[in-house]
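**Student:** Shown below is the structure under consideration.
2 protein chains.
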Amino acid sequence: MELGNCIIAQSGGPTAAINATLAGVYTAASQKKGMGHIYGGLNGIEGILQEKFVDLRQVLCSEERVRLLETTPSSFLGSCRYKLGQSGHLEEEMARLFSVFADHNIRYFFYIGGNDSMDTILQLEKYQQAHGGNVAFIGVPKTIDNDLMCIDHTPGFGSAAKYIATTVQEIALDTAVYDMDSIVVVEVMGRNAGWLALSAGLARGPFGKPAADLIYLPEFPFSEEQLVADIQKVRSEKRQVVVVISEGIQNAHGERIAEAKTKDSFGHGQLGGAAKQVEAIIKARIGGKVRAVELNVPQRAAGHCLSATDIVESVQIGEAAVDAAWNGESGVMVTTERAKEGSYRLMIGTTDIIHIANQEKIVPESYVNQEKNHLSPAGLAYLAPLIQGEISAPVEAGLPRYAYLSEWQ
Amino acid sequence: MELGNCIIAQSGGPTAAINATLAGVYTAASQKKGMGHIYGGLNGIEGILQEKFVDLRQVLCSEERVRLLETTPSSFLGSCRYKLGQSGHLEEEMARLFSVFADHNIRYFFYIGGNDSMDTILQLEKYQQAHGGNVAFIGVPKTIDNDLMCIDHTPGFGSAAKYIATTVQEIALDTAVYDMDSIVVVEVMGRNAGWLALSAGLARGPFGKPAADLIYLPEFPFSEEQLVADIQKVRSEKRQVVVVISEGIQNAHGERIAEAKTKDSFGHGQLGGAAKQVEAIIKARIGGKVRAVELNVPQRAAGHCLSATDIVESVQIGEAAVDAAWNGESGVMVTTERAKEGSYRLMIGTTDIIHIANQEKIVPESYVNQEKNHLSPAGLAYLAPLIQGEISAPVEAGLPRYAYLSEWQ
Chain A
243 MELGNCIIAQ SGGPTAAINA TLAGVYTAAS QKKGMGHIYG GLNGIEGILQ EKFVDLRQVL
303 CSEERVRLLE TTPSSFLGSC RYKLGQSGHL EEEMARLFSV FADHNIRYFF YIGGNDSMDT
363 ILQLEKYQQA HGGNVAFIGV PKTIDNDLMC IDHTPGFGSA AKYIATTVQE IALDTAVYDM
423 DSIVVVEVMG RNAGWLALSA GLARGPFGKP AADLIYLPEF PFSEEQLVAD IQKVRSEKRQ
483 VVVVISEGIQ NAHGERIAEA KTKDSFGHGQ LGGAAKQVEA IIKARIGGKV RAVELNVPQR
543 AAGHCLSATD IVESVQIGEA AVDAAWNGES GVMVTTERAK EGSYRLMIGT TDIIHIANQE
603 KIVPESYVNQ EKNHLSPAGL AYLAPLIQGE ISAPVEAGLP RYAYLSEWQ
Chain B
243 MELGNCIIAQ SGGPTAAINA TLAGVYTAAS QKKGMGHIYG GLNGIEGILQ EKFVDLRQVL
303 CSEERVRLLE TTPSSFLGSC RYKLGQSGHL EEEMARLFSV FADHNIRYFF YIGGNDSMDT
363 ILQLEKYQQA HGGNVAFIGV PKTIDNDLMC IDHTPGFGSA AKYIATTVQE IALDTAVYDM
423 DSIVVVEVMG RNAGWLALSA GLARGPFGKP AADLIYLPEF PFSEEQLVAD IQKVRSEKRQ
483 VVVVISEGIQ NAHGERIAEA KTKDSFGHGQ LGGAAKQVEA IIKARIGGKV RAVELNVPQR
543 AAGHCLSATD IVESVQIGEA AVDAAWNGES GVMVTTERAK EGSYRLMIGT TDIIHIANQE
603 KIVPESYVNQ EKNHLSPAGL AYLAPLIQGE ISAPVEAGLP RYAYLSEWQ
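What follows is the structure in structure tokens.
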């Protein structure tokens, strides 16, 4: 096989498992005979345009470093939200990228990202088909949102789901202490897809019953009337109610609840956040003690609360990306499929990137109950395996030890 | 020794270690010869007034249950925020309480709580001295706020500090991924005392440097001008700035930043929260990408991220409370003192409740730097031992298993 170099980059919002995938790609690439340099591209495609590379064989020079990378959240190589052509000069950018690839004898390009990143792979592949070239473009999935097509679930989702379910269990415990009526509204990420909010349905309380009483997703219209009726129904059995919402919940007209504007002290309009809006609705319609809790950034960065299943799979998916490139594939994303029979088992494959880019997988009706306010048995069966197993970053002086590129350069 | 019964109750805001203290009190009490019934009082003093008791010898009938209790956050017996006499009938309430104690032959009363709960102990002790009685009233400290006098640090604080430092490390990692200027404002609990925000100073980034760049406490006046100047100083070295604030930060006139009102979509005034206000200040004065993250309830309920030091000490403090009662003490709170020499070591004692009730211990100037925007070496030396060691609740199907009174009744 002809000697060539490879480049790996990360894009989009960080997750707790994106570095595990980077570790998997790196490990597999470093074991391929004939593989030359293994570059890390900094800040995704934006940094590659500026030739911001690091030599990963130097950076990840020991097994210990690779292991540490696997349990480090966030994007070790930095990320970007850059869409090719957003500067209005798509052709120039493409030409520039391919000249960078040629200058550095790049034969394999691995892009770890979500929907937008897969669009980048699609564009690169199309350009190469039109203009010629010899680079294998491989999309490697990641996103906490779990909204990619053609994949059982996305790397990073399982760890976020585990953190959310764990935290909702703990919030429910905290909420139950006073002998009074109270409602807590927990806001979880997810603008269009409600997978993360749905995962709060895994949280358990006494007797293994759900810790979250009501869960609302962006997939199904959110109505104040229904919310009030649902809460009153829960109240007939218990005094403290735990409501979980996706940040993207919207009314029947498709208007996001979070986009109801509030004014800050300077008179600027600002997003109050969906939980704050729902808190205000409940205060106005029901009254009593209500608290809004936005899980925010920690849900995608909690390296101290990882799903071992997620981390192991994320590494394997990275390794599979290298195998696909080595087998001559290009313009594909690594995919997974769950075994239909028997216990949980994942099969890894690839699919043409055209089936992935710019599409979103939303929560199907079969995964929620009749009332569309909680998990269905099918949804539970889908989610439960993804949060199994514990793995942790090593601890130093009481705190997790994480990997930093700046320390290893 | 005369046979008598004891009652244990929990009060005030829950913590991740308050049940470890309950486990300690229970274990020590159950080992005392002659100790009769060990009651758990539900929902603190409010429930005791209504004779809401459980038999803890039944509820905690196995070593396994006691162990599970130790790593369960929140208040196992329920809590209250009831202040004796708030109904306007203090004398009647006192008479009622002492008649409940007499009816049930209560000789020992253990109240696990913070400032307000210690005031309850003080009032009970005073009443008994005036009217006679034979109950030992023992205050057992807990609060994530670390604001009790006469104690090196409060049970529950170490676990909250560990969670906060861990989470700030992870937020800093998440914030650093894009090649752009950005600021994240992390809001931590603490209305009058800044101990929790100060603990964010333990969080580490690359090369062991602090992950939080700036920390503002309620103890020192917060000024917009200083904030802007501080951020610009950090910006001269790095693009992404992590700012941590106590919820209670206030300006030079003693006005809380969080009390600047915003209007919700119904036109109701509502607290935007300190972080949202500081976010608005930064947007107006500096601009660019700014995000507010409120750590909220999880910081006092994160049973999945406990400090082993905190849990072990919390159990010991519970045990010491029983010894104090057994030695004939009453109207005291269990206290701790750190060994002045050598490695970290805690000595447990008691002090008259008069020295504790209704007072607050705030962060001394020596624990912050000259600029009053970060930890000093003395502050670091004080905090570091408190987050050492890891202990976890048992895990079942990927999520922590916690203790619920309703399951064991």
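These protein sequence lines are chains A and B, in that order. Under my numbering, read the first sequence as residues 243 to 651, first letter to last. Under my numbering, read the second sequence as residues 243 to 651, first letter to last. Where a beta carbon is used, it is the ideal one built from N, C-alpha and C, also for glycine.
1) With a threshold of 7 angstroms between beta-carbons, can G529(B) be considered close to chain A, or not?
2) Is E429(B) close to chain A, meaning its C-beta is less than 7 angstroms from at least one C-beta of that chain?
3) At the level of alpha carbons, what is the spacing between E501(B) and N285(A)?
4) Tell me the residue span of the beta strand (DSSP E) that contains D297(B).
5) Return yes when the Cβ of H597(A) is within less than 7 angstroms of the Cβ of C392(A), no when it is not.
6) Find out if the Cβ-Cβ distance for the pair A534(B), V427(B) is shorter than 7 angstroms.
7) Mapping DSSP to helix, strand and coil, what is P627(A)?
8) Spatial neighbours of Y350(B) within its chain, please: CB distance less than 6 angstroms, with the 5 preceding and 5 following residues excluded, ordered by chain position.
9) Find the nearest neighbour of A403(A) within the set V419(A), G436(A), H373(A), L390(A), judged by alpha-carbon distance.
10) Along the chain, which unbroken stretches of the alpha helix (DSSP H) at least 4 residues long are found entirely within the region 392 to 476 of chain B?
11) Whole angstroms is fine: what's the gap from T257(A)'s alpha carbon to E467(B)'s?
12) With G278(B) as the anchor, note down where its beta strand (DSSP E) starts and where it stops.
13) Taking the C-alpha atoms as reference points, what is the distance between L444(B) and G515(A)?
14) Check whether chain B comes within 7 angstroms of Y281(A), counting only Cβ atoms and requiring the distance to be less than that.
15) Mapping DSSP to helix, strand and coil, what is K531(B)?
16) Straight-line CA distance for M431(A) to S441(A)?
17) Taking its Cβ as the centre, do 16 or more other Cβ atoms sit within 10 Å of F318(A), making it buried, or is it exposed?
18) Give the C-beta separation of G278(B) and G246(B) to the nearest angstrom, bearing in mind that I take them to be a contact with Cβ-Cβ under 8 angstroms.
19) Establish whether the CB of P540(A) and some CB of chain B are separated by less than 7 angstroms.
20) Check whether chain B comes within 7 angstroms of I408(A), counting only Cβ atoms and requiring the distance to be less than that.
21) Rounded to whole angstroms, what's the CA-CA distance from M360(B) to G591(B)? Just pull it up for me.
22) Measure how close the beta-carbons of I629(A) and G254(A) come, nearest whole angstrom, since I'm counting them as under 8 angstroms.
23) Determine the burial state of N388(A): buried for a count of at least 16 other Cβ atoms within 10 Å of its Cβ, exposed for fewer.
24) What is the rounded straight-line gap between the Cα of Q512(B) and the Cα of A599(A)?
25) For a minimum of 3 consecutive residues, which ranges assigned as the beta strand (DSSP E) are wholly contained in the region 531 to 612 of chain B?
26) Consider the Cβ of N285(B): report whether some Cβ of chain A lies at a distance smaller than 7 angstroms.
27) According to DSSP, is P619(A) part of a helix, a strand, or is it coil?
28) Of all the CB atoms in chain A, is at least one closer than 7 angstroms to the CB of A262(B)?
29) Can you tell me whether L311(B) is helix, strand or coil according to DSSP?
30) Is A271(A) close to chain B, meaning its C-beta is less than 7 angstroms from at least one C-beta of that chain?
31) Out of G276(B), Q273(B), Y369(B), N493(B), point me to the one whose CA is closest to G665(B)'s CA.
32) Quick check on A262(A): buried or exposed, where buried means 16 or more other Cβ atoms within 10 Å of its Cβ?
33) Hey, how far is the Cα of Q300(A) from the Cα of P448(B)?
34) In angstroms with no decimal places, state the Cα-to-Cα distance between T203(A) and V610(B).
35) Would you mind giving the Cβ-Cβ distance between V382(A) and G570(A), rounded to the nearest angstrom? I have them listed as a contact below 8 angstroms.
36) Going along chain B in order, which residues have a C-beta closer than 8 angstroms to the C-beta of R446(A)?
**Tutor:** To lay it out plainly:
1) Closer than 7 angstroms: no.
2) no
3) 39 angstroms
4) 295 to 297
5) yes
6) yes
7) helix
8) If the five residues before and after Y350(B) are omitted, its C-beta is found closer than 6 angstroms to the C-beta atoms of C248, A378, A567, all from its own chain and listed in chain order.
9) G436(A)
10) 399 to 417, 437 to 441
11) 35 angstroms
12) 277 to 283
13) Roughly 30 angstroms between the two C-alpha positions.
14) no
15) strand
16) 11 angstroms
17) buried
18) 6 angstroms
19) yes
20) According to the sequence shown, residue 408(A) is Thr rather than Ile. Using a Cβ-Cβ cut-off of 7 angstroms, T408(A) counts as an interface residue toward chain B, since at least one Cβ of chain B sits closer than that to its own.
21) 16 angstroms
22) Their Cβ separation, rounded to whole angstroms, is 22 angstroms, which puts I629(A) and G254(A) out of contact at 8 angstroms.
23) buried
24) Confidence is the limiting factor: at Q512(B) the pLDDT is only 44, short of 50, which leaves the residue's position unreliable, though a coordinate-based value still follows. If I take the Cα positions, the gap works out to 42 angstroms.
25) You should have 531 to 536, 574 to 580, 588 to 594.
26) yes
27) helix
28) no
29) helix
30) no
31) Nothing in the structure corresponds to residue 665(B), since chain B is present only between 243 and 651.
32) buried
33) 18 angstroms
34) Beyond the ends of chain A as shown, which are 243 and 651, falls residue 203(A); an answer cannot be given.
35) V382(A) to G570(A), Cβ: 17 angstroms. No contact.
36) L641
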